[in-house]
Amino acid sequence: MLLIYDGPVEVPSLLAQWYDAERERNYGAMVTFVGTIRDEGGIEALSFDIYRPVLERWFEGWQKKLAEQNALLAMAHSRGDVPVHQSSFACAIFSPKRRVALEMLDAFVEDFKANAPIWKYDVIDGRRLYAADRSTPMEGSGLLSAKE
Amino acid sequence: MLLIYDGPVEVPSLLAQWYDAERERNYGAMVTFVGTIRDEGGIEALSFDIYRPVLERWFEGWQKKLAEQNALLAMAHSRGDVPVHQSSFACAIFSPKRRVALEMLDAFVEDFKANAPIWKYDVIDGRRLYAADRSTPMEGSGLLSAKE
Amino acid sequence: MVTVEFLGPIGKEPVTLKADSLKEVARQLQQDPDIAKWLPQCAVAVNDTLVKDPDTPLKEGDRVSLLPPVCGG
Amino acid sequence: MVTVEFLGPIGKEPVTLKADSLKEVARQLQQDPDIAKWLPQCAVAVNDTLVKDPDTPLKEGDRVSLLPPVCGG
């Protein structure tokens with residue numbers, strides 16, 4: 008399940024919903040990661056652009072990878088502005104095995120950071136500034152920069 | 008924070024409580040692990056004994072270890088019976104850095120399994136049977152078995 | 011003709027080009043300095059599938075997307 | 011005198027022993043086959059602090075706890 012929120016992710020209700028939906032399905036282990044906007048660099052908020060078609064393909068690839076290990080993935084992310092001390096990202100992995108859950112959470116979050124098509128902006132004095140210094144070129148970048 | 012529940016851990020309200028308590032404290036990353044009783048081996052429930060004084064010292068050691076990395080730890084565990092498809096264990100780690108959060112969650116949960124003074128019993132036909140085959144001797148076991 | 015769109019912070023309107031391969035798209039985009047500076051750091055999708063091969067052929071109506079450096083979460 | 015308590019599944023009432031070290035506790039517990047079988051797998055706490063040294067001295071009133079194999083979660 009991939010959810011896009013306009014604005015902050017409502018973490019408590021979302022985690023409750025994910026937990027309740029899977030509680031009877033014999034998974035044994037649930038792990039979650041939640042990202043909350045830190046008050047730093049004088050920002051009021053962070054803001055996000057998402058390119059949904061590529062995000063969905065990337066997400067489906069992870070769902071498939073996890074399904075091969077009998078594990079289940081859910082994720083939510085914000086689009087637009089998320090004020091300081093509110094959350095922009097949450098994910099959960101359910102697995103019958105705790106090692107799978109812990110290892111896949113780490114791998115999923117790191118790949119999310121490196122390859123999910125989401126762009127971050129600092130919001131300072133109402134202006135939206137691309138967070139270039141914290142951004143990572145996606146796998147395979149530079150394809151169009153080679154000269155003949 | 009270490010919470011002991013008599014019976015199942017109330018996961019949605021607990022995660023909400025932990026999230027809300029720390030949301031404004033600039034942690035950035037929250038990770039959680041939840042353990043839910045799997046329906047297997049014909050059990051009705053699992054049941055737990057806890058030796059609280061040693062559990063508290065073990066937990067304080069982890070709190071200190073995490074505090075050195077500016078991270079925060081919360082944990083809850085059940086005592087007594089927890090029916091199938093209810094949860095017996097939850098923990099959360101808050102950190103300004105996602106790598107610390109992810110690595111410490113893994114390390115904490117593994118050490119919890121190996122060294123937290125908690126004993127598990129299968130409940131089958133109302134009888135409580137020690138889960139010897141799934142249990143691990145704590146670090147330093149065997150101290151009293153050496154002959155002079 | 012193919013359409014090229016510029017995602018996220020690149021902040022350019024889509025353009026339409028005559029090109030039968032990504033290499034030809036690359037050659038044309040490299041002419042525009044505002045776009046050229048992004049190219050070393052951009053991933054590329056054709057019709058929303060990421061591609062790795064600059065020799066990927068294009069056909070009439072294909073949509074090429076440029077994805078600059080990301081930072082979700 | 012020291013008190014020895016048996017935690018979790020060992021299922022024995024506490025006993026009181028005359029002993030001035032863990033080694034002496036070990037020697038006495040090894041006499042009881044029902045307890046002896048648990049000893050290779052038990053960790054030991056003195057007054058709720060885990061100890062690793064069988065030469066740990068004991069004083070009047072100390073409490074020794076035997077912790078058999080664990081499985082939380």
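Protein chains in written order, with my numbering: chain D, 8 to 155; chain Y, 8 to 155; chain F, 11 to 83; chain G, 11 to 83. Even for Gly, the Cβ is constructed at its ideal location relative to N, Cα and C. The structure displayed is predicted, hence computed values, not measured ones.
Counting of Cβ neighbours within 10 angstroms places Ala-74 (chain Y) among the exposed residues, the total staying below 16. Separation of Leu-53 (chain Y) and Thr-39 (chain Y) (C-alpha to C-alpha, rounded to the nearest whole angstrom) is 22 Å.
In the structure shown, Trp-69 (chain D) falls within a helical segment according to DSSP collapsed to helix, strand and coil. Relative to the Cα of Gly-21 (chain G), the nearest Cα in the group G:Leu-68, G:Val-61 and G:Pro-78 belongs to G:Pro-78. Beta-bridge partners of Pro-90 (chain Y) (DSSP): Y:Ala-52. Listed as beta-bridge partners of Asp-13 (chain Y) by DSSP are Y:Arg-86.
For Asp-118 (chain Y), the closest of D:Glu-51, D:Tyr-12, D:Tyr-128 and D:Arg-106 by C-alpha to C-alpha distance is D:Arg-106. Lys-120 (chain Y): member of the alpha helix (DSSP H) spanning 105-122, first to last residue. For Asp-13 (chain D), the closest C-alpha among the options D:Ile-57, D:Ala-153 and D:Trp-25 is that of D:Ile-57. If you keep only unbroken beta strand (DSSP E) runs of at least 3 residues inside the region 125-152 of chain D, you get 125-131 and 134-137. Straight across, the Cα-Cα distance linking Ala-46 (chain G) with Pro-15 (chain D) is about 59 Å.
In the three-state DSSP reduction, Pro-43 (chain G) falls in the helix class (H, G or I). Proximity of the region 15-32 of chain Y to the region 13-27 of chain G falls short of the contact definition, fewer than three beta-carbon pairs being nearer than 8 Å. Listed along chain F, the residues sitting closer than 7 Å to Met-145 (chain D) by beta-carbon distance are Ala-53, Leu-77 and Val-80. Secondary-structure assignment with DSSP links Gly-42 (chain D) through a beta bridge to D:Phe-96 and Y:Ala-36. For Ala-55 (chain F), there is no enclosing alpha helix (DSSP H); the enclosing beta strand (DSSP E) covers residues 53-56. DSSP, read as helix, strand or coil, puts Pro-60 (chain D) in helix. Scanning chain Y for C-beta atoms nearer than 8 Å to the C-beta of Ala-123 (chain D) yields nothing, as the closest lies near 14 Å away. The Cβ of Asn-33 (chain Y) sits closer than 9 Å to at least one Cβ of chain D. Identification of chain Y residues near Gly-42 (chain D) by a Cβ-Cβ cut-off of 9 Å yields Gly-35, Ala-36, Met-37 and Arg-105, ordered along the chain.
Close to Ala-36 (chain F), with beta-carbon spacing below 8 Å, are these residues of chain D in chain order: Leu-150, Leu-151, Ser-152 and Ala-153. For Val-18 (chain D), the enclosing alpha helix (DSSP H) starts and ends at 18-29.
The C-alpha of Pro-50 (chain F) is placed about 14 Å away from the C-alpha of Val-35 (chain F).
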